[in-house]
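Engineer: Sequential numbering of the sequence shown, starting at -6, is according to the numbering used here.
Following this message is one structure expressed as structure tokens.
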Amino acid sequence: MHHVIRRFAPLAVAVATTAVATVLPAPPAHAAPALFGPAALGIRFGPEGDPGRCGGRQGEQWHPDGEWTDEIVLDTDDRPGGCLLAFGLFDPQNQLGSASVRYAWTTLPGTGPGQCDNQGDYRMPASPTARAFGPSIRVDTDSRPGGCVLTFIVADTPSVSLDVQYAGNGDVRQCGGALPNDRFTAAPGHPVPLTVDTDDRPGGCRLRLRLNV
């Protein structure tokens, strides 16, 4: 009888070990970005100072190609602080190919200092493994003269474009180039410039984007 017990003891240990292994928790599903699915467009938007100057969706948002982003609202004025804004792309399947999707941040002639900080022409990074953003621009227009120009540029690949909806929700003169019921499309050879000149006049400028691949 003792020989029988010894013979089955290793088998019992193996079965117990297997049972323990089956109940170990699986790693969390959100541990890393999924490396599949369509290309996506991201916006990062938030206040620096008074949060009431930066309306609509704040924080990070990502939307697959063909889907509009949530609306953000630029409503800077003479209150302290401004809005930080950046854009990025996620391209796990290399759908964008060699396309260059950029945003440029410049000033109108005669613009006072500090209203359009971090000026430049920035490429939206298109990573296959991470959701990353380009440099943040700073919007801080107010009652001083002038304003800022945000230009969306798509180059190198005709199959890629960027739809832009830009409208005012008050005094529309603060939002140069606004189209209340339509959209612009940034495509190779056709950049889309938008003027931001918000101040103490009512309302601000509403912006949504849609990536097309």
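Each residue gets a CB set at the ideal place from its N, CA and C atoms; glycine is no exception.
On a predicted model such as this, the values are computed, not experimentally measured, just so you know.
Identify every run of the beta strand (DSSP E) within the segment 22 to 94, keeping only runs that are complete inside it and at least 3 residues long; order them along the chain.
Structural biologist: Listed in chain order, the complete beta strand (DSSP E) runs (minimum 3 residues) inside the segment 22 to 94 are 33 to 42, 47 to 49, 52 to 57, 65 to 67 and 74 to 83.
Engineer: Exposed or buried, what is Thr122 when buried is set at 16 or more other beta-carbons lying within 10 Å of its beta-carbon?
Structural biologist: So Thr122 counts as exposed.
Engineer: To which residues of the same chain is Trp61 closer than 6 Å at the C-beta, ignoring the five residues directly before and after it?
Structural biologist: Excluding sequence neighbours, Trp61 sits near Arg201 and Arg203.
Engineer: Figure out for me which residue from Asp114, His183 and Glu64 has the closest Cα to the Cα of Val153.
Structural biologist: If we check each option's Cα against that of Val153, His183 comes out closest.
Engineer: Look up Arg116 in the DSSP assignment and say whether it is helix, strand or coil.
Structural biologist: Strand at Arg116.
Engineer: Excluding the 5 residues flanking Thr100 on each side, which residues of the same chain have their C-beta closer than 8 Å to its C-beta?
Structural biologist: Correct list, in chain order: Gln108, Cys109, Gln112, Gly139, Gly140, Cys141 and Val142.
Engineer: Kindly indicate which residue of Asp114, Val66 and Gly90 has the alpha-carbon position closest to the one of Pro151.
Structural biologist: Checked all of Asp114, Val66 and Gly90; the closest Cα to Pro151 is Gly90.
Engineer: Gly151 bridges to which residues according to DSSP?
Structural biologist: In the sequence as displayed, the identity of residue 151 is Pro instead of Gly. In DSSP, Pro151 forms no bridge with anything.
Engineer: Alpha carbon to alpha carbon, how far is Pro40 from Ala79?
Structural biologist: Those two C-alpha atoms are separated by around 12 Å.
Engineer: Give the DSSP-derived three-state secondary structure of Pro20 in the structure shown.
Structural biologist: Since pLDDT at Pro20 reaches only 40, below the 50 mark, its modelled position is unreliable, and the value read off the structure follows with that caveat. Pro20 falls in the coil class under three-state DSSP.
Engineer: Measuring CB to CB, does Pro134 end up less than 7 Å from Thr178?
Structural biologist: The sequence shown places Thr at residue 134, not Pro. Going by C-beta atoms, Thr134 is not nearer than 7 Å to Thr178.
Engineer: Indicate the three-state DSSP secondary structure (helix, strand or coil) for Val206 in the structure shown.
Structural biologist: The answer is coil: DSSP assigns Val206 none of H, G, I, E or B.
Engineer: If you drop the 5 nearest sequence neighbours on each side, which residues of the same chain put their C-beta closer than 7 Å to that of Gly81?
Structural biologist: Within the same chain, Gly81 has close Cβ partners Gly35, Met117, Pro118, Arg124, Ala125, Phe126 and Gly127.
Engineer: Kindly indicate if chain C contains any beta-carbon less than 7 Å away from that of Pro102.
Structural biologist: Any reference to chain C falls outside this structure, which holds one protein chain only.
Engineer: So is Leu172 buried or exposed if we call it buried at 16+ other beta carbons inside 10 Å?
Structural biologist: Exposed, since its Cβ has fewer than 16 Cβ neighbours within 10 Å.
Engineer: If I measure Cβ to Cβ from Gly52 and keep anything under 8 Å in the same chain, skipping five residues before and after, which residues do I get?
Structural biologist: Excluding positions up to five away in sequence, the list reads Arg37, Phe38 and Gly39.
Engineer: What whole-angstrom Cβ distance do Pro85 and Asp58 have, given they're in contact under 8 Å?
Structural biologist: Their Cβ separation, rounded to whole angstroms, is 12 Å, which puts Pro85 and Asp58 out of contact at 8 Å.
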